[in-house]
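I have placed the structure first, in the form of structure tokens, so that the comments after it can refer back to it.
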Ligand SMILES: Nc1ncnc2c1ncn2[C@@H]1O[C@H](COP(=O)(O)OP(=O)(O)OP(=O)(O)O)[C@@H](O)[C@H]1O
Ligand SMILES: Nc1ncnc2c1ncn2[C@@H]1O[C@H](COP(=O)(O)OP(=O)(O)OP(=O)(O)O)[C@@H](O)[C@H]1O
Ligand SMILES: [Mg+2]
Ligand SMILES: [Mg+2]
């Protein structure tokens, strides 16, 4: 019966984002942790906003997302003990390989966005207040362009997850901002290609937080703590670092 | 529990503010779903009726298949339509992807099996009663079809409402083929999904309450029409 | 078009490999949806039957409400159940969130209105015919209910199949309350959604094809049972 | 038929209708009906026949008596208003409809169902079902789907089902209309048997010979009104009502009446 | 009735049944039926009556003739197999069922529907509908929902609907069973009128007086077989078949036959 399943062996619930889930990272690292500790990790992957909400409601033991400001607020509000920087990868700007805005090979993200706006080339925005979406908005601000005026024209706010947004970009031949992990594991690129990468402002940092038992006494502090400790340990770092797709590393553990 | 109260007040706030975005999203929802159901009725009712009143080889198979197609997952339909309408797909040239038209197409595919199966089953009973008489009167299949559809019109309303329920509540297919693009293809259900993914649960629920109220109004309207006509009509 | 072929071959590959993950996901899908439909039938058929055969104040309102509830958006149901079962919700202590039980609860809520409305409409016709006779025989409401449910049992199968279709195809609610947790609450539709978001369109479609095949088998089974029993039974 | 073991006799009659009227589609289809059906205590008459042209309101009147249709005017009174609860009153009556509705089950299951509604234990039922089927000549068709029976067979099955519950008051709406002569005879015998055991019968019939043969008293209806009620012999020998006379002569086509006899002056509504 | 303007006369008869048999639920309910219904060319008889006990197979035989039920054995042959397309054959027949099924529409819409199926233009239809309603005494009930009519009124409406299409061959399954005496008389007149205009009538009846009065020839059925076919006078004066004699005497309760007469030796299946 379903309830007996959930009692079978110790487990924790990890609230995380679709980008980490879709990249396949968890499938790579979690079995190692389970083998080492005997603790099963159940991943609920949703948007960053929803993940934080779940954790606030006490429906997760550990939170692993990528929007530093929100994470810090979560800790400040007393829902988490401490935010640990865990790993990073980077965002890239992808677009149709015929490159209508002429930004291919560039390393300056804001400049590229300005060019896209100038060319009125299609751009797909996540539009879902996710970590990626927030980063994109920051980049537009740096670029000094307000794309929301063009919403519905060349600027398409889709309001969907990373994979769905990529599917849309592929479907209409649009640019979009995407984290490298999702991109590398994404299999419906059609004629999309990486146009801009390597800008330091495109760094994408993930943090991990153990949910505080002060607010939610039922939180599995022991098992959750073990998981966070393992992630930050050498074994955990090694596991993150050697997750590769076609020879490329997707995430780099923080020192 | 707080969230439920928040949801209610969010719903009321939105309704009383007469929020322009909300109105636009709501009207697109209705436009897409009502069009889809109308088209599905035009396709599905004659088809379901024919299956009910004709006996032909493969009829049983068709019944099973349409029953099974009631369980067509919206995401699968969405993907299928996406592939067909995508730029690299066979109908890519029409540029229909991420338009309301694409959403209507997807919903038609989802609703037709419901209309076909429920129409068939509703007319089955009537046909058992009518068939000898209509045969005796030498009604052609088409004439028989029109007669049973007409005489069962009030019972068929439930089939239409079931189809409408599926269409208006559906998110998986419209999300994929519509893209939930702000002020272009955002409908109530995709807006709800978006707010949910942002963690704005109260707002999402509030939108859900509004959608339900609209459903109730639509149903009341349909029901009122029925009452009105039934009283005059012949049982 | 290639993707469709890839989808087919993906489906076949998965089926012939007898992939253990696939089997587990599939069996969870069936377990959840069949349980939900069974519970919904136990609740919805008597309720729909009573609405069909009894006249009481508020009956028309009830009919409209259940018709409207057929359009309950899965995401909204998912959120509602989430809020109830969440640790900070009223039933949080039972720890049901992100378990198959939670998914069953959500689907029951989605399917009950379908069963109620379709049962009511199916029994309406039979009741019009039977009511005088059963009244004359002084059958109590409960006895009448049992009699019409029994004598309409073959027609009611379509209602059950419509409910099953909704349950097995549904993704919005189970995604939220189940969490799509690998090997715990991952079902066919959430797996399809996941593959789609990874851009694995062929695999997603392939899973969709498998789900449809399973639906067809379920329907064939139901249909076969009906045939078998109808032949012996009295029309 | 076993004796009325589950129900005491003579418990619900007399039945009185007082000023009963009924509207359908804005038309008055039953008008000013006052009549009483006495119980059987003192060897009172057991068979009242209702006759009259098609559309006179015979079937509607039977339904009103039976409580299936609630009149829009007037009252239906049981036991001079001292009636026990409505449910008992209901359980002591049975009816054979003009167009019998049989359940989608076998012939025997139809009778069995009626018995089960009276709470008769399963063990007793099967024998009584078989006995009733034999009596109505349906023994060989026990397992046939009721809906597949010929019309005459259906009518007899409906009678068997009604007799099964051994009612105190039995309504028969033209129960022999579709029966062959011998079966009609047999059904008449069954009705006489029931009456001799204490059942009160109210029956409509178009068969005047049958009415003359069987009826204790006769109600003649016309356009929703009771025009005459008389002991059978009196009614057939010397009907008081003009319309009744014409009816007996086979001349009463009431929708042509106005043109034949000039205005009868009775508005339709 | 207007004269048969839309259809040439005498086009589909004779109708022959050869070795016709029918199974239901594994039982043979129609057996070895051979018979022919001639056309009306040389003032041939116009009214064949089918009589026999309930369940003899009268209704099924009518349905087989009409093409509503396909026999499991034997053949139904039109025009000695020179029949035109099945559709023409179908369109030249009409039937009044024993349990008439009326559409959920008003009385007049039911007749109008039948006319519209024959492609008669809307402008002509309304007059003909009113005429037919008058003829069957339903004028006042034109707008009443057909299902709300009394049984006798429904039967007459079904007859009006059948007459509307002016069939060459008209099947009547006990069309006067639920009619009051005067209406029955009127329906008999309508049937005679149709016959005098060239319609061939095949009719079942339990009313032996009516049969004797109207029939040209009589078919006596028993347990799915035609036991005797004879000119009416001969049948009533000197039935050749023993069973027919009993039937005419009102003594034929066929399900008791075995016990009365000893084994008849006819297996059920
Ligand atoms: N809804 C209705 N609208 C109009 N007239 C109606 C309605 N319901 C019943 N009637 C009329 O009420 C009258 C009485 O019907 P009822 O069935 O009681 O007649 P009846 O005496 O039993 O006739 P029959 O001998 O044909 O059985 C009929 O003329 C019928 O047309
Ligand atoms: N599915 C079936 N299973 C068993 N018997 C059947 C089935 N269908 C019809 N029959 C039998 O076939 C016989 C002939 O029926 P039919 O209706 O033709 O009789 P009928 O001569 O018209 O009788 P009536 O005078 O009562 O109208 C009946 O005894 C009926 O029970
Ligand atoms: Mg009547
Ligand atoms: Mg018959």
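Residue numbers (the working numbering), protein chains in the order written: chain G, 1 to 255; chain D, 1001 to 1235; chain Z, 2001 to 2235; chain A, 3001 to 3269; chain S, 4001 to 4269.
We put the CB at the ideal spot given by N, CA and C, even for glycine.
Residue i CB to nearest heavy atom of ligand 3 below 8 Å
{"i": "residue 3224(A)", "result": "no"}
{"i": "residue 3098(A)", "result": "yes"}
{"i": "residue 3204(A)", "result": "yes"}
{"i": "residue 4178(S)", "result": "yes"}
{"i": "residue 1117(D)", "result": "no"}
Own chain residues within Cβ distance below 8 Å of residue i, not counting five before or after
{"i": "residue 3995(S)", "result": "The structure shown does not extend to residue 3995(S), since chain S is modelled only from 4001 to 4269, so the question has no answer here."}
{"i": "residue 2057(Z)", "result": "none"}
{"i": "residue 3261(A)", "result": "Residue confidence for residue 3261(A) is low, a pLDDT of 36 falling below 50, so the modelled location carries little weight and cannot support an answer."}
{"i": "residue 4255(S)", "result": "Caution is warranted here: a pLDDT of 47 is assigned to residue 4255(S), below 50, making its placement in the model unreliable, and the coordinate value is therefore given only provisionally. Once the five neighbours on either side are set aside, residue 4255(S) has no close Cβ partner at all."}
Residue i beta carbon near ligand 1 (any heavy atom closer than 8 Å)
{"i": "residue 2138(Z)", "result": "no"}
{"i": "residue 4032(S)", "result": "no"}
{"i": "residue 3029(A)", "result": "yes"}
Cβ-heavy atom distance, residue i to ligand 4, below 8 Å
{"i": "residue 3275(A)", "result": "Residue 3275(A) is absent from the structure shown; chain A starts at 3001 and stops at 3269."}
{"i": "residue 4173(S)", "result": "yes"}
{"i": "residue 3271(A)", "result": "With chain A represented from 3001 up to 3269, any question about residue 3271(A) goes unanswered, as that position is not in the structure."}
Cutoff 7 Å; reference residue i; Cβ partners in own chain excluding five residues on either side
{"i": "residue 2019(Z)", "result": "none"}
{"i": "residue 1033(D)", "result": "1107, 1164, 1167, 1168"}
Outcome for residue i when other beta-carbon atoms lying within 10 angstroms are tallied against a minimum of 16
{"i": "residue 26(G)", "result": "buried"}
{"i": "residue 1213(D)", "result": "exposed"}
{"i": "residue 2150(Z)", "result": "exposed"}
{"i": "residue 107(G)", "result": "exposed"}
{"i": "residue 54(G)", "result": "buried"}
{"i": "residue 3091(A)", "result": "buried"}
{"i": "residue 4178(S)", "result": "buried"}
{"i": "residue 1085(D)", "result": "buried"}
{"i": "residue 3003(A)", "result": "A caution first: residue 3003(A) carries a pLDDT of 42, below 50, which makes its placement in the model too unreliable to give a value."}
{"i": "residue 2017(Z)", "result": "exposed"}
{"i": "residue 1005(D)", "result": "exposed"}
{"i": "residue 91(G)", "result": "buried"}
From the options, residue whose alpha carbon lies closest to that of residue i
{"i": "residue 2177(Z)", "options": "59(G), 123(G), 171(G), 239(G)", "result": "59(G)"}
{"i": "residue 2110(Z)", "options": "2179(Z), 2002(Z), 2037(Z), 2186(Z)", "result": "2037(Z)"}
{"i": "residue 1180(D)", "options": "1050(D), 1157(D), 1078(D), 1071(D)", "result": "1078(D)"}
{"i": "residue 74(G)", "options": "207(G), 244(G), 202(G)", "result": "207(G)"}
{"i": "residue 4157(S)", "options": "4139(S), 4166(S), 4167(S)", "result": "4139(S)"}
{"i": "residue 3210(A)", "options": "4207(S), 4212(S), 4211(S)", "result": "4207(S)"}
{"i": "residue 3088(A)", "options": "2136(Z), 2095(Z), 2171(Z), 2003(Z)", "result": "2136(Z)"}
{"i": "residue 3197(A)", "options": "3012(A), 3041(A), 3062(A), 3030(A)", "result": "3041(A)"}
{"i": "residue 1114(D)", "options": "1007(D), 1220(D), 1162(D)", "result": "1162(D)"}
Cut-off 6 Å between Cβ atoms - residues of its own chain near residue i, not counting five sequence neighbours on either side
{"i": "residue 142(G)", "result": "110"}
{"i": "residue 3199(A)", "result": "3170"}
{"i": "residue 1029(D)", "result": "1187, 1188"}
Near ligand 2: residue i beta-carbon under 8 Å from a heavy atom
{"i": "residue 3221(A)", "result": "no"}
{"i": "residue 4056(S)", "result": "yes"}
{"i": "residue 4071(S)", "result": "no"}
List in chain order: all unbroken alpha helix (DSSP H) runs of 4+ residues lying wholly within the segment 4077 to 4148 of chain S.
-> 4086 to 4091, 4107 to 4117, 4122 to 4135, all fully within the segment 4077 to 4148 of chain S.
Length at least 3, wholly inside the segment 4191 to 4222 of chain S: the beta strand (DSSP E) runs in chain order | 4200 to 4204, 4217 to 4222
Quick one: complete beta strand (DSSP E) runs, 3+ long, within the segment 168 to 209 of chain G?
-> 175 to 179, 192 to 196
Contiguous beta strand (DSSP E) assignments of at least 3 residues, all confined to the segment 34 to 62 of chain G = The segment 34 to 62 of chain G contains these whole beta strand (DSSP E) runs: 40 to 46.
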